[in-house]
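Residue numbers (the working numbering), protein chains in the order written: chain A, 1 to 343; chain B, 344 to 686. Heads up, the beta-carbon is just placed ideally off N, CA and C, and yes, glycines get one too. Keep in mind that this is a model prediction, so the values were computed, not measured. The structure appears below as structure tokens.
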């Protein structure tokens with residue numbers, strides 16, 4: 001089959017690789033119906049994070065089950081499914097506590113190791129019962145497009161909003177797909193005051209369409225804080241940091257009111273951090289991290305199925321697997337926010 | 344009157360200073376019945392944090408109201424009172440949100456500025472209605488000793504345990520007065536599994552007496568984590584970091600389970616911090632900061648009055664104001680855990 005492989009910074013290629021095969025009795029093989037490119041894939045493409053040449057790319061996919069191992073009971077061949085960006089056994093202490101991303105037997109798709117990447121024609125899914133979620137109905141293009149964000153970006157936005165409700169005043173630092181997902185999650189949770197601080201007019205237009213106020217041209221942390229004050233009459237009760245750079249963390253710290261929450265869901269850059277002396281007097285709660293997507297998918301899928309949520313708006317580009325190099329370059333250049341890829 | 348002044352690292356002195364006087368209509372003058380030395384006072388004494396020579400020392404006191412301004416209605420001369428370690432107006436946005444420590448008109452006792460320090464014969468209390476809490480009954484020595492920890496250390500322990508209940512498994516890094524207060528708070532909240540990791544046998548004996556398991560000789564973060572696993576069969580759901588050094592923060596990070604809480608209530612040292620990349624995959628919640636003591640005092644006072652709580656055990660030394668230099672040196676040498684000082 002074909003799969004997207006990492007070559008070097010600025011270069012991915014589509015190559016022939018071995019077809020995935022059932023290995024364990026709890027495995028499934030899924031024919032990829034659509035995969036996405038994540039902002040974190042770009043960290044390798046941009047050379048910000050190192051990656052072994054030849055590594056498989058991609059960790060967001062929806063598809064159709066092709067084959068299952070003897071122990072798999074929750075899905076069967078022909079079922080349309082979505083997978084979170086990590087696989088997990090569903091039985092370890094971390095899984096039972098609701099953190100499948102910390103599963104002692106789990107892992108993430110892509111990279112140099114088994115079981116392969118999502119930007120491919122097919123993939124082996126370990127612990128299929130615990131990992132996959134069945135989609136209702138057929139795997140038509142519209143369903144796949146609407147459900148693909150369940151793999152990562154939408155649960156990430158939901159994770160950011162996990163403890164927000166109508167009374168919150170939420171500022172979102174960043175205007176990419178995670179920020180847009182956070183806006184959707186905030187709306188689902190009844191948050192009435194949402195401000196997105198970003199740098200890209202067309203991305204902010206999407207945030208506005210989803211129901212947020214927006215500020216273009218975020219500047220210094222102090223200017224960002226003033227933008228929040230202008231919008232809310234006060235600093236934010238919760239700030240969602242969607243970028244992961246120290247600059248963005250500093251902006252988020254400036255935008256949140258004392259006693260408020262700094263939620264970080266952007267993969268942090270090496271070295272980005274918090275000085276506790278800065279947050280001590282302010283009683284900030286710092287929470288977030290990698291979204292336990294598998295836990296959130298069923299409820300979010302229900303919202304999509306009920307027509308209350310359409311995350312397909314996150315995709316502003318659709319390409320074929322063979323066009324992966326173009327999709328990466330367009331996302332790198334920020335000509336495209338998020339690309340969907342079909343084999 | 345006499346007051347304790349900071350001279351230079353390693354030296355405090357008791358000097359004659361001007362008597363405090365009512366300045367604003369919301370002021371009260373309180374005759375100090377007992378003051379305490381806080382671990383954070385030692386930061387100056389040890390030269391870890393700079394302080395202007397001649398600054399007043401101390402921010403923990405109980406006493407008797409001597410005089411009140413025209414607008415004061417909640418206390419009157421003769422009332423026994425406790426003050427939190429900060430004064431606050433009770434009306435600003437931060438106060439109304441429950442964070443008097445972030446009061447826009449508030450401040451902390453001690454230092455170079457008005458209204459003076461608690462290690463003295465008397466003190467001016469701004470915003471007396473919002474700041475002071477009346478103690479029931481007379482200002483006898485036993486009451487003052489039991490209620491003095493309400494000023495800071497006991498609410499700090501309570502703040503650390505603010506969202507813990509019976510199901511929590513709490514590890515406490517440090518064995519000083521804040522750690523002992525956290526144990527008392529954990530017991531009040533019904534936490535059954537409490538482990539204190541410390542370095543001082545006699546301090547751990549107090550923690551044990553208060554109901555905690557203890558480990559002497561905490562070593563590397565990995566050894567600390569193993570101690571927690573040995574005690575709980577797993578890492579802690581909440582770790583309370585009571586020291587404030589990077590070493591202690593690193594130990595706390597090692598001791599908490601993924602998805603758990605790192606609570607920091609030890610005043611952080613300059614530069615002590617969290618690398619977000621370290622906590623991202625683990626979904627840690629980092630919370631804490633300076634305790635909004637004024638909010639917690641009434642309920643904690645009720646527990647003391649009801650005989651359910653006796654924080655007087657935190658004091659293992661009682662000296663006169665004139666002996667302040669001895670008390671500082673003994674605490675610095677860790678011969679004494681916490682000193683009570685009477686004028």
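Practice item. Return the chain-ordered list of same chain residues with a C-beta closer than 8 Å to the C-beta of residue 544 of chain B, the five sequence neighbours on each side being excluded. Key: Around residue 544 of chain B: 559.
**Study point:** Cβ neighbours of residue 605 of chain B in the same chain (closer than 6 Å, five flanking residues each side left out)
**Key:** If we look at residue 605 of chain B and ignore the five residues flanking it on each side, its Cβ neighbours are 582, 595, 599, 627, 629.
Check your understanding: What does residue 666 of chain B reach in chain A if we use C-beta pairs closer than 9 Å?
Key -> Neighbours of residue 666 of chain B on chain A: none; closest Cβ ~31 Å, over 9 Å.
Practice item. Can you have a look at residue 552 of chain B and say buried or exposed, based on whether 16 or more other CB atoms are within 10 angstroms of its CB? Key: So residue 552 of chain B ends up on the exposed side.
Exercise for review: Classify residue 644 of chain B as helix, strand or coil using the three-state DSSP reduction.
Suggested key: The answer is helix: DSSP assigns residue 644 of chain B an H, G or I state.
Practice item. Name, please, each residue of chain A whose Cβ falls closer than 8 Å to the Cβ of residue 370 of chain B. Key: Residues of chain A whose Cβ lies closer than 8 Å to the Cβ of residue 370 of chain B do not exist, since the nearest Cβ in that chain is about 24 Å away.
**Study point:** Residue-level contact to chain B via CB, residue 300 of chain A, 8 Å cutoff
**Key:** The C-beta of residue 300 of chain A comes no closer than 8 Å to any C-beta of chain B.
Exercise for review: Output yes if chain A places a C-beta closer than 8 Å to the C-beta of residue 614 of chain B; else output no.
Suggested key: It does; some Cβ of chain A falls within 8 Å.
Review point. In this structure, what does DSSP give as the bridge partners for residue 326 of chain A?
Key: Residue 326 of chain A has no beta-bridge partner at all, per DSSP.
Exercise for review: Verify the contact flag: residue 242 of chain A, CB atom, against every heavy atom of the ligand HEM, threshold strictly below 7 Å.
Suggested key: The ligand HEM is absent from the structure shown, which contains no ligands of any kind.
Exercise for review: Under the assumption that residue 637 of chain B contacts residue 420 of chain B (Cβ atoms under 8 Å), give the Cβ distance between them as a whole number of angstroms.
Suggested key: Rounded, the Cβ-Cβ distance is 22 Å, inconsistent with contact.
**Study point:** Own chain residues within Cβ distance below 8 Å of residue 138 of chain A, not counting five before or after
**Key:** Cβ within range, chain order: 80.
Practice item. Would you mind telling me which residues of chain A sit closer than 8 Å to residue 619 of chain B, beta carbon to beta carbon, in chain order? Key: Result: 244, 249, 264, 268, 272, 273, 274.
Check your understanding: Using 8 Å as the threshold, is the region 95 to 105 of chain A in touch with the region 296 to 307 of chain A, meaning 3 or more CB pairs across them?
Key -> Inter-segment contact for the region 95 to 105 of chain A and the region 296 to 307 of chain A is absent: fewer than three beta-carbon pairs are separated by less than 8 Å.
Review point. Of the residues A/259, A/196, A/207, which one's Cα is nearest the Cα of residue 353 of chain A?
Key: Outside the modelled stretch of chain A, which goes from 1 to 343, sits residue 353 of chain A, for which no answer is possible.
**Study point:** Segment contact, 8 Å Cβ cut-off, at least three pairs: the region 149 to 159 of chain A with the region 344 to 355 of chain B
**Key:** No: the two stretches stay apart, fewer than three of their Cβ pairs being nearer than 8 Å.
Check your understanding: In chain order, what residues of the same chain lie with their CB nearer than 6 Å to the CB of residue 449 of chain B, ignoring the 5 residues before and after it?
Key -> Cβ neighbours of residue 449 of chain B beyond the five flanking positions: 429, 430, 431.
Check your understanding: How many Å lie between residue 457 of chain B and residue 366 of chain B at the Cα?
Key -> Roughly 11 Å separates the two Cα atoms.
Check your understanding: Once you ignore the five residues that flank residue 67 of chain A on each side, which residues in its own chain have a CB closer than 8 Å to its CB?
Key -> Taken in chain order, the residues that qualify are 22, 28, 29, 77.
Point to revise | Whole-angstrom C-beta distance between residue 128 of chain A and residue 26 of chain A, which should lie under 8 Å | key: With a Cβ gap of about 6 Å, residue 26 of chain A and residue 128 of chain A count as contacting.
Practice item. Report all residues from its chain with a CB closer than 8 Å to the CB of residue 653 of chain B; omit the five preceding and five following residues, and keep chain order. Key: 489, 647.
**Study point:** Continuous alpha helix (DSSP H) assignments of at least 4 residues falling wholly in the region 549 to 636 of chain B
**Key:** DSSP runs (the alpha helix (DSSP H)) wholly in the region 549 to 636 of chain B: 564 to 575, 589 to 598, 619 to 623.
Exercise for review: Please report how far the alpha carbon of residue 48 of chain A lies from the alpha carbon of residue 497 of chain B, in whole angstroms.
Suggested key: Between residue 48 of chain A and residue 497 of chain B, the alpha-carbon positions lie close to 46 Å from each other.
Exercise for review: Please confirm if residue 51 of chain A has its CB atom under 8 Å from at least one CB of chain B.
Suggested key: Cβ-Cβ to chain B under 8 Å: no for residue 51 of chain A.
Exercise for review: Report the three-state DSSP secondary structure of residue 21 of chain A (helix, strand or coil).
Suggested key: Annotated three-state conformation of residue 21 of chain A is coil, per DSSP.
Exercise for review: Tell me whether residue 9 of chain A is buried or exposed, calling it buried when 16 or more other Cβ atoms sit within 10 Å of its Cβ.
Suggested key: That one is exposed.
Review point. Can you find a C-beta in chain A that's less than 8 Å from the C-beta of residue 625 of chain B?
Key: By the rule that beta-carbons nearer than 8 Å mark a contact, residue 625 of chain B touches chain A.
Review point. By DSSP, does residue 345 of chain B sit in helix, in strand, or in coil?
Key: In the three-state scheme derived from DSSP, where H, G and I count as helix and E and B as strand, residue 345 of chain B is classed as strand.
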